[in-house]
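Asker:
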Amino acid sequence: MQTVFEEFHTRVQEVNQYFVFLEGLIQETTKLAMSGDQGEQKITPIGSNLSYILTANAFLLLYNLVESTMRNAIVAIWAEIGSKKISFDFLRTEIKEIVIQDFKKRSHNHVVHSKLKDISLDIMTAELNIEKLFSGSVNREEITKTAREYGFSFKTDYSTTKHGEHLEEIRDNRNSLAHGNESFAKIGKDASFENLLKLKEEVIEYLQQILQNIQEYLENEEYLDKSTLGPP
């Protein structure tokens, strides 16, 4: 999980840098300088339309942070299981179901091999389709569903995270932009910087706490079926 946290903090820094830039535009402390015909610098006002476009772009950065963080975290879970070469029999029921469903999708006859339980997990996890994880659809509901599927906690401190309730807005705006359903100018015009700043802080804290939950899940080996383990 150390790599996951490092990548998360790197992306958070990118987001924070962009918001500093965006705030400067709005407060007009950041200006656009262009070279004139004689090479002289000319300060050019940043029009409202460009300001709206740059504001809308913040939704793309925030969504990128959310999806990449969750994907990296799930990859880390499988990497942990695979590195320990844990037998299928010792996995908790929810993890077994994920493995079986993935195996079925890759099987031409949709029949799970009778010796599936004997296959080393590092072989099975190598074939999990990482690219399809969360593709374009991460919100609080999806993260909660994933937490239940894997067995890690989705509980966070509501006072600082709002339990990720605004992820829906971020995802929907990102999808509208990505699929061309709305223009950057329109979405940016409808979004206030104050609200975006609030969303950013809540989302970063929410993801931080979810990652901490997953780290605890891995440290306690909660992916194992405790009923199959002997007495301590």
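For my numbering, count along the sequence shown from 1 and bump the result up by 1.
Even for Gly, the Cβ is constructed at its ideal location relative to N, Cα and C.
(1) Do you know whose CA, among TYR218, GLU222, GLN18 and GLN14, lies nearest PHE155's CA?
(2) For HIS167 versus THR157, is the C-beta distance shorter than 9 Å?
(3) On the three-state DSSP scale, how would you describe LYS201?
(4) Could you pull out every residue in the same chain whose Cβ sits closer than 6 Å to the Cβ of ALA192, ignoring the five residues on either side in sequence?
(5) Using a 10 Å radius around the Cβ and a threshold of 16 neighbouring Cβ atoms, would you call LYS106 buried or exposed?
(6) Going by alpha carbons, who is nearest to GLN14 out of ASN221, ILE205 and ASP90?
(7) Say whether chain C places a C-beta atom closer than 9 Å to the C-beta of SER154.
(8) Can you round the beta-carbon distance between THR162 and GLU203 to whole angstroms, since I take them to be within the 8 Å contact cut?
(9) Any contact between the region 30 to 49 and the region 170 to 179? By contact I mean 3 or more CB pairs, one from each, below 8 Å.
(10) Just curious, the alpha helix (DSSP H) that ALA59 is in, first and last residue?
(11) Looking only at its own chain, which residues have a Cβ that is under 7 Å from the Cβ of MET35, when we skip the five neighbours before and after it?
(12) Give the DSSP-derived three-state secondary structure of ILE96 in the structure shown.
(13) Looking only at its chain, what residues have a beta carbon closer than 7 Å to the beta carbon of GLU95, apart from the 5 residues adjacent to it on each side?
(14) Can you tell me which of PHE135, GLU169, LEU134 and PHE6 puts its alpha carbon nearest to the alpha carbon of ARG141?
(15) So is SER228 buried or exposed if we call it buried at 16+ other beta carbons inside 10 Å?
(16) GLN210: buried (16+ other C-beta within 10 angstroms of its C-beta) or exposed?
Answerer: Once the coordinates are examined:
(1) One-based indexing of the sequence shown puts residue 155 at position 154. Cα-wise, what sits closest to PHE155 is TYR218.
(2) In the sequence shown, counting from the first residue as 1, residue 167 sits at position 166. In the sequence shown, counting from the first residue as 1, residue 157 sits at position 156. Against a cut-off of 9 Å, the Cβ pair of THR157 and HIS167 comes out as no contact.
(3) Along the sequence shown, read from residue 1 onward, the residue named residue 201 stands at position 200. Reduced to three states, the DSSP call for LYS201 is helix.
(4) Residue mapping note: residue 192 aligns to position 191 of the sequence shown, counting from 1. Excluding the 5 residues flanking it on each side, ALA192 has same chain C-beta neighbours closer than 6 Å at THR56, in chain order.
(5) Counting from one through the sequence shown, the residue named residue 106 turns up at place 105. Exposed, by the Cβ-count rule.
(6) Taking the sequence shown and counting its residues from 1, the one referred to as residue 14 is at position 13. Out of ASN221, ILE205 and ASP90, ILE205 has the C-alpha closest to the C-alpha of GLN14.
(7) The displayed structure is made up of one protein chain only, and chain C is not part of it.
(8) Position 161 of the sequence shown holds residue 162. Position 202 of the sequence shown holds residue 203. Indeed, because the Cβ distance is near 6 Å, the residues count as touching under 8 Å.
(9) no
(10) Here residue 59 refers to the residue found at position 58 of the sequence shown. ALA59 -> alpha helix (DSSP H) spans 49 to 84.
(11) Stepping through the sequence shown from its first residue, residue 35 is reached at position 34. Only LYS43 and THR45 meet the Cβ criterion.
(12) Counted from its first residue, the sequence shown places residue 96 at position 95. In the structure shown, ILE96 sits in a helix (DSSP, three-state: H, G or I).
(13) Sequence index remark: in the sequence shown, residue 95 carries index 94 (1-based). Taken in chain order, the residues that qualify are GLU150, TYR151 and GLY152.
(14) Looking up residue 141 in the sequence shown gives position 140. Per the Cα distances, GLU169.
(15) Residue numbering aside, residue 228 sits at position 227 when the sequence shown is read from its first letter. By the 10 Å Cβ count, SER228 comes out exposed.
(16) As a working mapping, residue 210 is identified with position 209 in the sequence shown. Label assigned to GLN210: buried.
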